[in-house]
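If you read the sequences in order, they're chains A and B.
Take the first sequence: its position 65, counted from the start at 1, is 65 in the working numbering, and no numbers get skipped.
Every number in the working numbering is 109 more than the matching position in the second sequence, counting from 1.
The beta carbon of each residue, even a glycine, is placed where N, CA and C say it ideally should be.
Each remark here refers to the structure printed beneath this line.
There are 2 protein chains.
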Amino acid sequence: MPDSLRQFKADIFQALAHPTRIAILEFLSEGELSAGALIEKLGMEQANVSQHLAVLRAKQIVVNRKAGNQVFYSIRDPTIGKVLALMRKYFHAQLKETIGMLDEMEHTR
Amino acid sequence: MPDSLRQFKADIFQALAHPTRIAILEFLSEGELSAGALIEKLGMEQANVSQHLAVLRAKQIVVNRKAGNQVFYSIRDPTIGKVLALMRKYFHAQLKETIGMLDEMEHTR
DNA sequence: TCAGTATATGCGAAGATGCTAATATAACGG
DNA sequence: CCGTTATATTAGCATCTTCGCATATACTGA
């Protein structure tokens, strides 16, 4: 695989590599939301959220639609949602494994 | 979802957010490899590859096994491989969309 | 024990990222 | 046109990341 493809993937992962942006995508995975609605749900500075949205826009992970005064955001490709779902699964697997290890330690103590 | 979970996911994505580390994982997805083999396949500085491996180790994305002189690495959870496969699919979808746009521009020119 | 091979780690420079505060742009109602 | 609301952008600072270089550690065979 050419390095440019890997760079592309790395860029997408980089865009996902922030808790706030993950939160934004999780909210958006349930449907379109205005920037203001996101700001309220996240409870963060307006400028900060706007910057995170800019990152997601730059990588074309989200698209926006202007409606009068407001800007509505949505996830462009549902595959991104699947990636997040897989990560959830991954997290659970890791958690179970950790618990299993703790269990074993408990028994062999 | 609590923020700690999002932080966890973000940390994993951060670990994936580098072309070299993606290359490493792609090589490892075909099976266990020694650090030396990876260095050769990647054609990069030994110390650099070792640092990237350290990042992947820290997030427990890869595990290592010592065998005499060498250290063999492998992917701990195949879910990570699935995430990479999904990203490949995502890339193709994006590519197709871009080509489609170019096509349209061509026709309406 | 010593030389050689394989791998990891520490350090400093250069660049990227994320935050806050301030400011800019755009659309609306009056 | 004016003030207000919604959103984006800029600037400055602190922190993190990545790299190359040097060095450390660990194992092997003589």
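Give me whichever residues DSSP pairs with B:A176 in a beta bridge. B:Q179
One or two residues paired with A:L16 in a DSSP bridge: Looking at the DSSP assignment, A:L16 forms no beta bridge with any residue, so it has no partner.
With H, G and I counted as helix, E and B as strand and the rest as coil, what does DSSP make of A:S118? Nothing about residue 118 of chain A can be read from this structure; chain A reaches only from 1 to 109.
Measuring only the C-alpha atoms, how far is A:F91 from A:M44? 26 Å
Is there a Cβ of chain B sitting closer than 8 Å to that of A:M101, yes or no? no
Determine the burial state of A:M87: buried for a count of at least 16 other Cβ atoms within 10 Å of its Cβ, exposed for fewer. buried
Roughly how many whole angstroms lie between the Cα atoms of B:D186 and A:K89? 11 Å
Other residues of its chain near B:R224: CB distance less than 7 Å, five sequence neighbours each side excluded: Shown here, chain B extends from 110 to 218; a query on residue 224 of chain B therefore has no answer.
Look at the alpha carbon of A:A111 and the alpha carbon of B:L125, and state the distance between them as a whole number of angstroms. Residue coverage of chain A in this structure runs from 1 to 109, which leaves residue 111 of chain A outside it and unanswerable.
Have a look at B:G190 and B:L134 and give me their C-alpha separation to the nearest angstrom. 8 Å
Pull up the distance between the alpha-carbon of B:I184 and that of A:K41, whole angstroms please. 36 Å
Over what stretch of residues does the alpha helix (DSSP H) that includes B:G145 continue unbroken? 144 to 151
Taking all protein chains shown into account, do 16 or more other C-beta atoms lie within 10 angstroms of the C-beta of B:I170, making it buried, or fewer, making it exposed? buried
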